[in-house]
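With the first letter of the sequence shown counted as 1, position 88 gets the number 95 in this note's numbering; the numbers rise by one all the way through.
In what follows, a single structure is set out as structure tokens and then discussed.
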Amino acid sequence: MTQETVTNGTEALFTREGMPPVKEMIPCALQHVLASFAGIITPAVIMAGVYGFNSQQSTDIIQVALILSAIDTALQAFAPFRRIGGGLPIVMGVSFAFLPALQAMGASGFSFGALLGGEIVGGAVAVLFGLAYSKIKWLFPPVVTGTVIFSIGVSLYPTAVKYMAGGMGTSLWGTPQAWCVALITFAVVFALANFGKGTLKLGSVFFGMIVGMIVSIPFGMIDFSSVATAQVFALPKLMPYALEFDPEVCITLAVVFPMVAIQVIGDVSAACLGSIDRMPTECELSGAIVSQGLTSMVGGLLGGLPTSALGQNVGIICSNKVVNKWVFVIIAAVFAIAGLFPQLSAVLSAIPQPVIGGATVGVFGTITMNGVRMFTREGLTQRTTTIVGTSVVFGLGIWMASGCLAGEGMPAWVSTVIGSNAVTPTAIMAIVLNLILPQTPVVAQHIDAAKDAAVDLVLPESKK
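Given below as structure tokens:
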């Protein structure tokens, strides 16, 4: 939340303050909405299926997911009281980060009210984590945060490809039609992002998705039938389920929330570094985590799922460098309107998965490279390569070897918390290795760099 000169016009898109032209803000905001909408409502749809919700209950949990996404994104934009929200360019929303843990508890027979009670407790733990960040920030130097960001980017690759292929379990899965739409969408986004100018370049994801949706129409991928049956207007209900505070659920989510907070640190750092070329301050990171925790606590009261930073949107932010506060206010407003007017959410939810995958696959690579950029800031010393390489091997290896932590005798929470994603084991290993391995003296780093440079200068190319 640093001070900056207020500007207006198109250049204001690239500063936090100022008022850019509305005609340029809208495409920039809508591409974030279109890229994240399916990802926000899908966890809600999945949990509705886990609990066998009827159509009204399913509508309610989707509605609350959108409203919570609006609240958290707005708090991050405005950062009220300088303690709630980071005041940084970030899109928050109900995400897949918590889904494995929630699914496992639902499958174990815990009531949805127990999940909501655990969500409130976990959100409170996240708030405490954020408030105490100044005391524990030494655990997250660039080599740790960069490694986490790298794992976030890599772990998103299968999500993008699954979307491009039409979505697992659907009739489109792996069909030529799905890949045709996805690749055309990708080509348009790629062309506009690299060769376009002005609004076309800044809104490359948005315009690519529009073209993708048009291309998908002849294949019958768009179905607006749900719009006619959706309610025109609906308010969320307070405590629609009886809250329960089951110890096992509360403890599990109290462990999961700090792990997701580490992911939030990584996403916020990646967005900052990739868009405004600096690392977030201690106060900004603290506020971002506090906002995420508070919004999740509200979610427990409204019958919704917890929020986190949305990785696909971090990639868009890094790609187009648009960071103006009012762009993110528009994003939050669209989420809120879609949540309060279910017919609009039905329209947005009709976006075919191949279109979403084709539009976002490129931006996930941007996240990964921002992680590389971060952990190489102090040079690729043996210490850095050991921390990064070992952490990524454990994180991605455990994540890819599904069920490797779910054998007989292994506590269920280990598989739920650590084995369900790549980010948590990567973060744990990076933190531990950073504490164990001795720091490489700065002088030694310069000597190593000088030696490498001397070799490059002296040896002919054929002998290197």
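Cβ atoms here follow ideal geometry from the backbone N, Cα and C, with glycine treated the same way.
Just so it is clear, the structure is predicted and the values come from calculations on it, not from any experiment.
Among the candidates ILE48, ASP284 and SER293, whose CA atom is the shortest distance from the CA of LYS142? SER293
Assuming contact is defined by CB atoms lying nearer than 8 Å, are GLY402 and ALA277 in contact in what I supplied? No, they are not a contact pair.
Mapping DSSP to helix, strand and coil, what is VAL101? strand
Helix, strand or coil, according to DSSP, for ASN15 in the structure here? Look at ASN15 here: in three-state DSSP terms it is strand.
Is it the case that the segment 367 to 377 contacts the segment 317 to 325, given that we only count it when at least three CB pairs across the two stretches are under 8 Å? yes
So, does the segment 336 to 352 touch the segment 229 to 247, judging by three or more C-beta pairs under 8 Å? yes
ASP79, buried or exposed, once every other Cβ within 10 Å from all chains shown has been counted against 16: ASP79 counts as buried, since at least 16 other C-beta atoms from the protein chains shown sit within 10 angstroms of its C-beta.
Given this structure, state the Cα-to-Cα distance separating LEU20 from PRO254, to the nearest angstrom. 47 Å
Going by alpha carbons, who is nearest to ALA434 out of PRO148, GLY92, ARG390 and LEU106? PRO148
Give every residue of the same chain whose Cβ lies closer than 7 Å to the Cβ of GLY210, excluding the five residues on either side of it in the sequence, and list them in chain order. Around GLY210: PRO34, CYS35 and GLN38.
Please give me, in chain order, every unbroken run of the beta strand (DSSP E) with length at least 3 that falls completely inside the segment 197 to 268. none
I need the straight-line Cα distance from ALA473 to LEU387, nearest angstrom please. The structure shown does not extend to residue 473, since the chain is modelled only from 8 through 471, so no value can be given for it.
Restricting to Cα atoms, I'd like to know which of LYS204, VAL195, ALA235 and PRO247 is closest to VAL222. VAL195
Report all residues from its chain with a CB closer than 7 Å to the CB of CYS279; omit the five preceding and five following residues, and keep chain order. Closer than 7 Å at the Cβ level, and outside the excluded window around CYS279, lie LEU95, ARG285, MET286 and PRO287.
For VAL262, which residues of its own chain have a beta-carbon under 6 Å away from its beta-carbon, when the five flanking residues on both sides are left out? Closer than 6 Å at the Cβ level, and outside the excluded window around VAL262, lie VAL424.
C-beta contact flag for VAL98 and PHE264 at 8 Å: Result no, Cβ atoms of VAL98 and PHE264 do not sit closer than 8 Å.
Using only the alpha-carbon positions, how far apart do VAL305 and SER298 sit? 11 Å
To the nearest whole angstrom, what separates the beta carbons of LEU312 and LEU41, a pair I think is in contact under 8 Å? That belief does not hold up - the Cβ atoms of LEU312 and LEU41 are roughly 21 Å apart, past 8 Å.
Could you give the distance in angstroms between the alpha-carbon of GLU31 and the alpha-carbon of PHE136? Cα-Cα distance, rounded: 37 Å.
Sequence-distant residues of the same chain with beta carbon closer than 7 Å to SER76, five excluded per side: ILE47, MET99, GLY100, VAL101, THR314 and PHE342
For SER303, the three-state DSSP class (helix, strand or coil): Three-state result, SER303: helix.
Just checking my contact of LEU122 with GLY113 at CB under 8 Å: how many whole Å lie between their CB atoms? 7 Å
What number of angstroms, rounded off, separates the C-alpha of CYS187 from the C-alpha of GLY93? One C-alpha to the other measures close to 40 Å.
Note down the Cα distance separating GLN64 from LEU245, rounded to an integer number of angstroms. 13 Å
Exposure label - GLN360; buried when at least 16 CB within 10 Å: buried
N- and C-terminal bounds of the beta strand (DSSP E) containing THR475: Limits of the chain in this structure are 8 at one end and 471 at the other, which puts residue 475 out of reach.
Taking the straight line between their C-alpha atoms, what separation do you get for THR154 and PHE231? 42 Å
If contacts are defined as beta-carbon pairs under 8 Å, then SER115 and LEU317 qualify, I think. What distance do you get, rounded to the angstrom? Not confirmed; about 28 Å, so no contact.
Identify every residue that forms a DSSP beta bridge with THR192. Note: THR192 sits in no beta bridge, so no partner.
Note the first and the last residue of the continuous alpha helix (DSSP H) segment covering THR392. 389 to 407
Considering VAL141, what are the terminal residues of the alpha helix (DSSP H) in which it resides? Checking the displayed sequence, the identity of residue 141 turns out to be Ser instead of Val. 140 to 143 is the span of the alpha helix (DSSP H), which, as asked, contains SER141.
Considering only the beta carbon of each residue, do ASN441 and ILE394 sit closer than 8 Å? yes
Thinking GLN319 and LEU163 are a contact (beta carbons under 8 Å), I'd like their distance in whole angstroms, please. 7 Å
Could you give the first and the last residue of the continuous alpha helix (DSSP H) run that contains THR154? 149 to 171
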